[in-house]
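Undergrad: Residue numbers (the working numbering), protein chains in the order written: chain A, 1 to 260; chain B, 1 to 397. The structure follows.
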């Protein structure tokens with residue numbers, strides 16, 4: 001689908017994917033919309049749109065605060081859809097992936113959630129607390145609404161688990177770089193990440209991007225040497241108070257690291 | 001009946017394993033090793049030894065003659081879990097899981113705590129067995145239960161104060177899960193109730209079901225027949241499942257869970273997820289939760305910190321769904337009545353949690369009539385609540 005095609009066109013230009021995350025409603029809906037626009041202008045290949053949840057167990061302190069602030073601001077699903085629609089309108093060629101936890105999706109209703117997301121220009125979903133074993137119901141809904149469901153893999157995913165992930169995931173897999181939560185880190189266990197990517201490639205032909213902990217262009221470059229792309233999130237959330245121009249130039253700089 | 005599962009790790013439609021991928025391997029491993037250990041007699045003899053000589057099992061089943069006369073209905077028995085070391089049923093589970101930790105070759109545990117009871121019981125088991133222990137506790141709870149923070153530290157545990165979200169039990173669980181995701185390779189998570197991803201609800205129930213096993217034998221010795229009803233308070237639901245489990249197939253025994261009604265269900269300030277909540281997914285399980293229509297988890301309220309949790313164990317959700325157990329509520333005010341009533345009539349000061357079961361048992365005993373027999377699971381003692389209750393009562397009895 002749309003996300004898969006993006007990887008093909010990147011490949012033709014000898015580029016890897018820069019996937020950039022930002023939370024709707026942090027620090028408020030309007031500002032987050034402007035920041036997401038600057039992420040698009042900066043050259044992100046895929047944008048991950050965050051929807052806040054009260055109990056974000058996979059997130060570290062930086063993104064936890066974004067969830068809390070957004071909820072305090074009263075952000076609802078309709079705000080996420082509004083922002084998505086605006087971004088899609090402005091950047092029709094950038095696939096948008098909505099990232100949230102399973103409970104909001106479940107409670108709003110799997111089909112309803114997927115249909116409304118699709119209508120707002122969303123191409124796929126990432127749900128960090130939904131492992132492949134529990135994904136069948138949502139997968140049925142995403143498939144019938146024409147959305148991709150992107151599964152996560154981890155350093156602790158052994159061979160058999162990678163196979164399950166590959167079976168379930170659409171277009172790409174998202175490898176978590178470390179055991180732990182989201183958040184920029186000074187050092188990454190590159191050897192271990194590379195080993196996991198190589199293991200994955202022996203099992204799965206779908207592209208694989210690496211996220212969690214990536215905090216500068218050097219990291220981006222190091223990872224893009226062997227993976228199909230990187231995901232950055234906490235780094236951009238941290239930059240939010242520096243304004244959209246700072247975020248645009250950061251994204252531009254990171255994007256350079258993906259070009260070969 | 002308890003084997004009627006549709007999918008691995010589920011109780012009917014409830015349960016499952018909704019966690020980040022990083023934890024899946026640890027849960028698979030835990031399940032596999034637990035299945036192995038469960039069949040290992042040396043594990044159970046070691047655990048039973050500690051339960052007997054360290055924790056104080058079996059606990060007595062006490063005929064509450066004065067309370068029975070006061071109420072004028074069914075004969076009321078108390079299962080005295082309050083007499084256990086550390087003051088509540090929690091130690092049954094923490095000793096079991098601490099031994100399990102050693103068997104799976106891990107040397108560090110994390111735990112969450114609300115009021116501090118599970119934290120203290122975990123710190124105790126870890127002190128005994130020489131395991132590094134980190135307890136997560138919400139900032140709000142730590143303030144309310146300062147003494148338990150000190151108690152845990154004295155027992156050698158590191159207490160980490162959680163300042164995210166609502167700063168209470170649910171956030172302490174989130175933080176313990178985050179720690180576990182990060183340190184999964186050397187750390188076991190000692191969950192304190194029959195909640196969380198599979199296999200936790202099963203493991204915790206297996207370590208608590210001794211309550212019902214003993215009760216069954218003791219009531220048969222005392223009365224020559226099974227009780228008409230068994231009643232227990234329900235937060236996450238571990239003491240309730242513990243006493244219910246042996247009776248599930250005895251269909252004429254009513255199983256009654258009592259949830260925290262707080263200021264009343266209609267006020268929205270309560271912690272009664274089965275009575276006032278809806279189906280959702282949190283902390284790794286599909287069950288009932290207090291949440292809004294978009295799945296954001298709501299703040300809870302109860303006078304008793306041990307019941308102050310926005311969800312409930314999946315096996316309770318299942319027992320409710322199939323109609324095998326019934327779930328009632330008790331307000332803060334009623335719970336305080338129960339607290340005073342048992343103190344005065346029997347000289348037993350119950351935990352505020354258990355006081356919920358005591359006061360609702362009064363109605364059930366009347367309903368059953370003089371021929372009936374009723375067992376209350378007195379899950380904990382009230383020492384920890386003295387200061388709070390004294391403040392509520394302005395020091396006047």
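Quick reminder that beta carbons are idealized off the backbone N, C-alpha and C, glycines included. A quick note: this is a predicted structure, and the numbers were derived from the prediction, not measured.
#1: Check each candidate in A/23, A/137 and A/156 and name the one with the smallest Cα separation from residue 28 of chain B.
#2: Is residue 55 of chain A close to chain B? Criterion is C-beta to C-beta, closer than 9 Å.
#3: Do residue 258 of chain B and residue 345 of chain B have their CB atoms nearer than 9 Å?
#4: Looking at the structure shown, is residue 7 of chain A part of a helix, part of a strand, or coil, going by DSSP?
#5: Just the chain B side, please: which residues come within less than 8 Å of residue 134 of chain A by C-beta, in chain order?
#6: Whole alpha helix (DSSP H) runs in the segment 5-64 of chain B with 4 or more residues, listed along the chain?
#7: Applying a beta-carbon distance threshold of less than 7 Å, which residues of chain B neighbour residue 158 of chain A?
#8: Going by DSSP, what residue range makes up the beta strand (DSSP E) through residue 135 of chain A?
#9: Give the residues of chain A in contact with residue 174 of chain B, contact being defined as C-beta atoms less than 7 Å apart.
#10: Can you have a look at residue 145 of chain A and say buried or exposed, based on whether 16 or more other CB atoms are within 10 angstroms of its CB?
#11: Identify the residues that DSSP records as bridge partners of residue 188 of chain B: which are they?
#12: Which class does residue 226 of chain A belong to by DSSP, given the choice of helix, strand or coil?
#13: How far does the beta strand (DSSP E) with residue 326 of chain B in it reach, from first residue to last?
#14: Restricting to runs no shorter than 3 residues, where is the beta strand (DSSP E) found entirely within the segment 153-184 of chain A?
#15: Looking only at C-alpha atoms, which of B/267, B/241, B/57 and B/391 sits nearest to residue 318 of chain B?
#16: Assuming contact is defined by CB atoms lying nearer than 9 Å, are residue 246 of chain A and residue 193 of chain A in contact in what I supplied?
#17: Would you check if there are 3 or more beta carbon pairs closer than 8 Å linking the segment 361-377 of chain B to the segment 284-295 of chain B?
#18: Using the C-alpha atoms, what's the distance from residue 124 of chain A back to residue 114 of chain A?
#19: In or out: residue 186 of chain A buried (at least 16 other Cβ within 10 Å) or exposed?
#20: Can you tell me the Cβ-Cβ gap for residue 237 of chain B and residue 194 of chain B, rounded? I've got them flagged as a contact below 8 Å.
#21: Going along the chain, which residues of its own chain have a beta-carbon closer than 8 Å to the beta-carbon of residue 87 of chain A, five neighbours each way excluded?
#22: Taking all protein chains shown into account, decide if residue 383 of chain B is buried (16 or more other Cβ within 10 angstroms of its Cβ) or exposed.
#23: Between the C-alpha atoms of residue 97 of chain B and residue 357 of chain B, what's the straight-line distance to the nearest angstrom?
#24: Who does residue 80 of chain B pair with in a DSSP beta bridge?
#25: Given 8 Å as the limit, is there contact between the segment 162-173 of chain B and the segment 296-310 of chain B, that is, 3 or more CB pairs closer than that?
#26: Using a cut-off of 7 Å between C-beta atoms, extract the partners of residue 178 of chain B located in chain A.
#27: Can you tell me the Cα-Cα spacing of residue 16 of chain B and residue 30 of chain B, whole angstroms?
#28: With H, G and I counted as helix, E and B as strand and the rest as coil, what does DSSP make of residue 79 of chain A?
#29: Please state whether DSSP places residue 334 of chain B in a helix, a strand or coil.
#30: Can you tell me the Cα-Cα spacing of residue 159 of chain B and residue 118 of chain B, whole angstroms?
#31: Would DSSP call residue 399 of chain B helix, strand or coil?
#32: Quick one: what does DSSP say residue 190 of chain A is sitting in, helix, strand or coil?
#33: What does residue 170 of chain B reach in chain A if we use C-beta pairs closer than 7 Å?
#34: In chain B, which residues lie less than 9 Å from residue 68 of chain A when you measure between Cβ atoms?
#35: Considering Cα atoms alone, identify which of A/163, A/199 and A/211 is closest to residue 175 of chain A.
#36: Three-state secondary structure (DSSP) at residue 89 of chain A?
TA: This is what the structure holds:
#1: One-based indexing of the second chain puts residue 28 of chain B at position 28. Comparing Cα-Cα distances from residue 28 of chain B to each of A/23, A/137 and A/156, the minimum goes to A/156.
#2: What you label residue 55 of chain A is simply residue 55 of the first chain in a count that begins at 1. It does; some Cβ of chain B falls within 9 Å.
#3: The residue given as residue 258 of chain B occupies position 258 in the second chain. The residue given as residue 345 of chain B occupies position 345 in the second chain. Contact: no.
#4: Along the first chain, one-based indexing puts residue 7 of chain A at 7. Note: residue 7 of chain A maps to helix in three-state DSSP.
#5: Position 134 of the first chain, counted from the first residue, corresponds to residue 134 of chain A. Within chain B, the residues near residue 134 of chain A are 16, 17 and 18.
#6: 21-38 and 41-50
#7: Translated into positions along the first chain, residue 158 of chain A becomes position 158. Chain B residues near residue 158 of chain A: 25.
#8: Translated into the one-based positions of the first chain, residue 135 of chain A becomes position 135. Residue 135 of chain A -> no beta strand (DSSP E), and no H or E assigned at all.
#9: As a working mapping, residue 174 of chain B is identified with position 174 in the second chain. Under the 7 Å cutoff, chain A gives 55 and 57.
#10: As a position in the first chain, residue 145 of chain A is number 145, starting the count at 1. Buried, by the Cβ-count rule.
#11: Along the second chain, one-based indexing puts residue 188 of chain B at 188. B/109.
#12: One-based indexing of the first chain puts residue 226 of chain A at position 226. Of the three classes helix, strand and coil, the one that applies to residue 226 of chain A here is coil, per DSSP.
#13: As a working note, residue 326 of chain B is residue 326 in the second chain. Counting along the chain, the beta strand (DSSP E) containing residue 326 of chain B begins and ends at 325-331.
#14: 173-176
#15: Working through the second chain from its first residue, we reach residue 318 of chain B at position 318. Nearest C-alpha to residue 318 of chain B: B/241.
#16: Reading the first chain from its first residue, position 246 is the one you call residue 246 of chain A. Reading the first chain from its first residue, position 193 is the one you call residue 193 of chain A. Not closer than 9 Å, so no.
#17: no
#18: Taking the first residue of the first chain as position 1, residue 114 of chain A is located at position 114. Taking the first residue of the first chain as position 1, residue 124 of chain A is located at position 124. Rounded to the nearest angstrom, the two C-alpha atoms are 9 Å apart.
#19: Your numbering for residue 186 of chain A matches position 186 in the first chain. Exposed, because fewer than 16 other Cβ atoms sit within 10 Å of the Cβ of residue 186 of chain A.
#20: Counting from 1 along the second chain, the entry for residue 237 of chain B is found at position 237. Counting from 1 along the second chain, the entry for residue 194 of chain B is found at position 194. Yes, residue 237 of chain B and residue 194 of chain B are in contact; Cβ-Cβ is about 5 Å, under 8 Å.
#21: Counting from one through the first chain, the residue named residue 87 of chain A turns up at place 87. 33, 36, 37, 40, 47, 49, 94, 96 and 121.
#22: Residue mapping note: residue 383 of chain B aligns to position 383 of the second chain, counting from 1. That one is exposed.
#23: Locating residue 97 of chain B in the second chain gives position 97, counting from the first residue. Locating residue 357 of chain B in the second chain gives position 357, counting from the first residue. Taking the straight line joining both Cα atoms gives about 27 Å.
#24: Within the second chain, the letter at position 80 stands for residue 80 of chain B. Bridge partners of residue 80 of chain B: B/378.
#25: yes
#26: Translated into positions along the second chain, residue 178 of chain B becomes position 178. Within chain A, the residues near residue 178 of chain B are 57 and 181.
#27: If you number the second chain from 1, residue 16 of chain B lands on position 16. If you number the second chain from 1, residue 30 of chain B lands on position 30. Rounded to whole angstroms, residue 16 of chain B to residue 30 of chain B spans 15 Å at the Cα level.
#28: The count along the first chain starts at 1 and reaches residue 79 of chain A at position 79. Residue 79 of chain A: helix per DSSP, three-state reduction.
#29: The residue labelled residue 334 of chain B in the question sits at position 334 within the second chain. Reduced to three states, the DSSP call for residue 334 of chain B is helix.
#30: Taking the first residue of the second chain as position 1, residue 159 of chain B is located at position 159. Taking the first residue of the second chain as position 1, residue 118 of chain B is located at position 118. The straight-line gap from Cα to Cα measures roughly 13 Å.
#31: It is not possible to answer for residue 399 of chain B, since the shown part of chain B is limited to 1 through 397.
#32: For this step, residue 190 of chain A is matched to residue 190 along the first chain. Helix at residue 190 of chain A.
#33: Your numbering for residue 170 of chain B matches position 170 in the second chain. Here the neighbours are 55.
#34: As a working note, residue 68 of chain A is residue 68 in the first chain. What residue 68 of chain A touches in chain B: 164 and 165.
#35: To locate residue 175 of chain A, count along the first chain from 1; it is residue 175. Nearest C-alpha to residue 175 of chain A: A/211.
#36: The count along the first chain starts at 1 and reaches residue 89 of chain A at position 89. Note: residue 89 of chain A maps to helix in three-state DSSP.
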